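The opening position of the sequence shown corresponds to residue 17 in my numbering, with each subsequent residue numbered one higher.
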Amino acid sequence: MSTNIEWTDQTENIIRAKEGGWWCHKKSEGCANCYAEKLNKNSFFGGNKQPYSGEPPELVLDTEAIRKWGFQRKPKKHFVSSMTDVFGEWVPRFWQHEMLDGMFVAPNQIFQILTKRPEIMLSSMDEWLSCHGLDKLPLNIWSGTSIENRRTLEERSQFLAQIPALIRFWSVEPLLEDLGDITQYLNDVQLVIIGGESGPNSRPCHIEWINSIVQQCQSAKTPVFVKQLGANVYLNQQPFKTKHAKGGELAEFPQQIQIREFPNFTCD
Ligand code: SF4
17 MSTNIEWTDQ TENIIRAKEG GWWCHKKSEG CANCYAEKLN KNSFFGGNKQ PYSGEPPELV
77 LDTEAIRKWG FQRKPKKHFV SSMTDVFGEW VPRFWQHEML DGMFVAPNQI FQILTKRPEI
137 MLSSMDEWLS CHGLDKLPLN IWSGTSIENR RTLEERSQFL AQIPALIRFW SVEPLLEDLG
197 DITQYLNDVQ LVIIGGESGP NSRPCHIEWI NSIVQQCQSA KTPVFVKQLG ANVYLNQQPF
257 KTKHAKGGEL AEFPQQIQIR EFPNFTCD
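Structure representation (structure tokens):
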């Protein structure tokens, strides 16, 4: 599906509820205003109205969508499962491995997998690698974790760092506080994406927090991609208004954070 997420070309939701819609389980502070849950609560958008809590509905894996990856000619970046977490505790491990198999046979496509559960991603990928006699993930599989505050930075970055991927990335969105000194972590990550929160009840994001991450990434020569400022932005403790509802228009950013880089890598 085409998308307006700036760091990818399309989203692919390979895990869905059998009767329609999607499901996930909230994990941390970053999930409080989950946009996927909001869409799922609205039948107009194809949702099943079930909250992202409690027990999962019956889920299905879209094996046909996975099979088609291997036949795509035009190289694209695929954000796999924007509506759930493919490394959720409820997702059968063989589904995760079927997904990785499909990516493995589509080497000209880039797959961006993002999780709030990198400890499960690590153990599942280790199993998959060992089944295939591999010691690292193929170039086209990017492994990422979400980071929203200092707690999740410490907790999740250590698991992500152990994943034998050539491209490991952070999605620092929604950025909920100043992350402070991140230099010690940047050797283990090849891309940092940053975004403030958008949508109703957005929590504040200060441009100084974004700028601090950008400056540290630039010093460490780690590619950094400022996706959006968010809908509740501050600069020098004053509200910073943007015309774009999500603060996602690059030209509206202060100049020092007008930056959207990717790792120097292609699967063409
Ligand atoms: S992990 Fe992602 S999709 Fe799942 S509840 Fe949290 S924000 Fe929503």
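Ideal Cβ placement from N, Cα and C applies to all residues, glycine included. Please read these numbers as outputs of a predicted model, since none were measured by experiment.
Taking the C-beta atoms as reference points, Q244 is found no nearer than 7 Å to K257. K92 and E71 have their C-alpha atoms roughly 34 Å apart. Three or more Cβ pairs closer than 8 Å define a contact, and the segment 211-222 meets that threshold against the segment 182-199.
Scanning its chain for C-beta atoms nearer than 7 Å, with the 5 sequence neighbours on each side dropped, one finds around W85 the residues G118, M119, A122, Q125, in chain order. Of K259, K57, Q88, P270, the smallest CA-CA separation from E224 is found for P270.
DSSP places P134 in the helix class (H, G or I) of the three-state scheme. For the options M99, L145, I226, E80, the alpha carbon positioned closest to that of Y68 is the one of M99. In the structure shown, R184 falls within a strand segment according to DSSP collapsed to helix, strand and coil. Excluding sequence positions up to five before and after N165, its CB lies within less than 7 Å of the CB of E45, L192, E193, all in the same chain and listed in chain order. For T199, same chain residues with a beta-carbon under 7 Å away, outside a window of 5 residues either side, are Q232, A236 in chain order. Between N64 and E35 a beta carbon distance of about 6 Å is seen, short of the 8 Å cut, so the two are scored as contacting.
Sequence-distant partners of L202 (beyond 5 residues in either direction) whose C-beta falls short of 6 Å from its own C-beta, in its chain, are A236, T238. Residue side-chain check: A122 keeps its Cβ at 6 Å or more from all non-hydrogen atoms of ligand 1.
Rounded to the nearest whole angstrom, the CA to CA distance from W39 to E74 is 9 Å.
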